[in-house]
Structures are given as C-alpha cells and as structure tokens.
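A.B. asks: Before I ask anything, let me first share the structure, which is written out below as structure tokens.
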Amino acid sequence: MIDSGSLVFLSSAEKKDTFLISLEEGGKLETRLGVILHEDVMRAGFGGRVRSHNGNLFYITKPSLGEYLRRIKRRTQIVFPKEAGYILLQLDVKPGARVLECGTGSGGMTSVFAHFVGDEGRVYSYDERDEFVELARRNCKRWKVDHRVEFKTRNISEGFDEVNVDALFLDLPDPWNYLNQARNALALGRRMGALLPTFNQIERFLRALQEKGFIDVEVIEIFHRNLKTDPNRLRPEDRMIGHTGYLIFATSVTDFDGGV
C-alpha cells in the first residue's frame, strides 16, 4: 500500500510511456493509453502493476532522484543529472554538509544538494527573483527535502550571510563578479564550482580565479550516451545528451593578499 502524497513512477509495459505523479485520494491520470486511478496504484504498491481503464499495463516503481530531476517543473535551464553527480563528488557533498548555492533557478540542483546533505546538513540557496525561489521551494517540497533548505531572495553583491560553508556552487552568468563574496563564505581548503555555457565566460572566470588566488582549477564537459538494451542488437542509441554546459571547480586557500 502506498500513502497518499507519495511520488510514484509509472512505466508502460508495451509502449514505453512513463509518468511521474503525486498520488492523491480520488485522483486519476489520463494518458493516451487510458485512465489510471490513483487508488489502484496505492493498492498495488511499489513493485506492483496496474491497468488503465482500457487494459494497458503499467508497472509501479519508486522514482529515482535522477528521474525527478529530468522531470522537474522548470522556468529556467536546470543542471542535468550527468553534471549533478560530478558536482556532488567534486564538492564533497555528504550528510551533514553545509552547502551554499547562488542561482536557485527552478531548484533542480537545490533538490540534489538537499537530498544528499541529509537532515543534519543545510542548503542555503540565493536568487534575486521571487518567482524562481517560490518554484524551487515547491519542487524541493515535492521531493520532501524543503525542510533542509533556507531560501533567500537577494542579489549576492551584498554578500552571503554564511561563513565557513563546506561547498559553494554558482549558477550565474557572471560568477567572476562574486569571487570576493565566495571567498568570504567558503571554508579554507574547500571547493567551489560553477556552471557556464560558453568559452568566453570560462576564459573570463579562469582569469578571475587566478587573480583571486584559487588553486586546483578544473574545467570539464560531460557527455552522456546510452546503449540500446536489446542483447540481439547492442549498439549506442541514435541520440545522446551532448553539450549542456561547462563545469569549473577551484579550491580556496590562504595565500592570497588581494584585499578580500
């Protein structure tokens, strides 16, 4: 039995259609393959199956965070799962960590950070637009991690409230303008990251990182290519997820006398 309010992932046994839904009493999902009653899904439980009103079969599973991120309600470009995992590794995000991000957007990466810091950790998310903050709050709430996030509506030229955070991530078009603020918030020896879409922006950011004394700088682009799962015709899929953005990482250290 699945409780009302739970997120479930439904996949068609034949047509490969998939749906991510929040269950509610009396709810129903209308699809091209028929109508599925939420109560039938609740009774069947995770790992079970349900049929639409016209007999099409669907399997019921728990959604992964990656699946949720791909289907999140958005008004902005989001960080894709292929980048999100690498960001977590590079920034050493783990249970109990304090993570600061700027550029909340639709809350995709906010949800990822909040998922991994656990109830003992904290995410501080800044954006200057109220509508983005509210959308991100709803998306985090749907994944049930909103209680781990402090949302703040502010232009970070004024600086961050937090100091000695474990990780910092900037999803801004001009992160080079905010490196003093980043240094003041990030604990020494810890990593910061940024996401940028063009070479011109990367070049400007790299120069700023050098000027501000950051070390261990890395720039990386990640591609994602699936393979067909038919063992009789195993080969790459015809389409792949190519360029979505460039990731830049750097470490904050003490040997800087640039007047932070």
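Numbering of the sequence shown is given in my numbering, commencing with residue -14 and proceeding in unit increments.
Each residue gets a CB set at the ideal place from its N, CA and C atoms; glycine is no exception.
Keep in mind the model is a prediction, meaning the values are calculated, not measured.
Can you find the residues in the same chain that come closer than 7 Å, C-beta to C-beta, to Ala193, ignoring five residues on each side of it along the sequence?
C.D. replies: Around Ala193: Trp161 and Leu164.
A.B. asks: Could you check the C-alpha separation between Glu15 and Asn169 for me, to the nearest Å?
C.D. replies: When rounded, the distance between both Cα atoms is 51 Å.
A.B. asks: Kindly list the residues whose CB is nearer than 7 Å to the CB of Phe31, restricted to its own chain and excluding five residues on each side of it in sequence; keep chain order.
C.D. replies: The answer, listed in chain order, is Ile(-13), Ile45, Thr46 and Lys47.
A.B. asks: Could you pull the start and end residues of the beta strand (DSSP E) that Tyr53 belongs to?
C.D. replies: Counting along the chain, Tyr53 falls outside any beta strand (DSSP E), though it belongs to the alpha helix (DSSP H) covering Leu50 to Arg55.
A.B. asks: Using a Cβ-Cβ cut-off of 8 Å (strictly less than) and excluding sequence neighbours within five positions of Val150, which residues of its own chain qualify?
C.D. replies: Closer than 8 Å at Cβ, skipping near neighbours: Arg83, Val84, Leu85, Tyr109, Ala170, Leu171, Ala172 and Arg175.
A.B. asks: According to DSSP, is Ile141 helix, strand or coil?
C.D. replies: Three-state DSSP puts Ile141 in a helix.
A.B. asks: Would you grab the beta carbon distance between Ser237 and Phe199 for me? Rounded to a whole angstrom, and I think it's under 8 Å.
C.D. replies: Indeed, because the Cβ distance is near 6 Å, the residues count as touching under 8 Å.
A.B. asks: From the DSSP output, which residues share a beta bridge with Val(-7)?
C.D. replies: In the DSSP output, where bridge partners are listed per residue, Val(-7) has Ile6.
A.B. asks: Just checking: is the beta-carbon of Asn162 within a distance shorter than 8 Å of some beta-carbon in chain D?
C.D. replies: The structure shown has no chain D; it contains just one protein chain.
A.B. asks: For Pro80 and Pro158, I'd like the C-alpha separation in whole angstroms.
C.D. replies: For Pro80 and Pro158, the distance between alpha carbons rounds to 29 Å.
A.B. asks: For Asp311, which three-state DSSP category applies?
C.D. replies: The structure shown does not extend to residue 311, since the chain is modelled only from -14 to 245, so the question has no answer here.
A.B. asks: Considering Ala99, what are the terminal residues of the alpha helix (DSSP H) in which it resides?
C.D. replies: First-last of the alpha helix (DSSP H) with Ala99: Gly93 to Val102.
A.B. asks: In angstroms with no decimal places, state the Cα-to-Cα distance between Val134 and Gly90.
C.D. replies: Approximately 14 Å between the Cα atoms of the pair.
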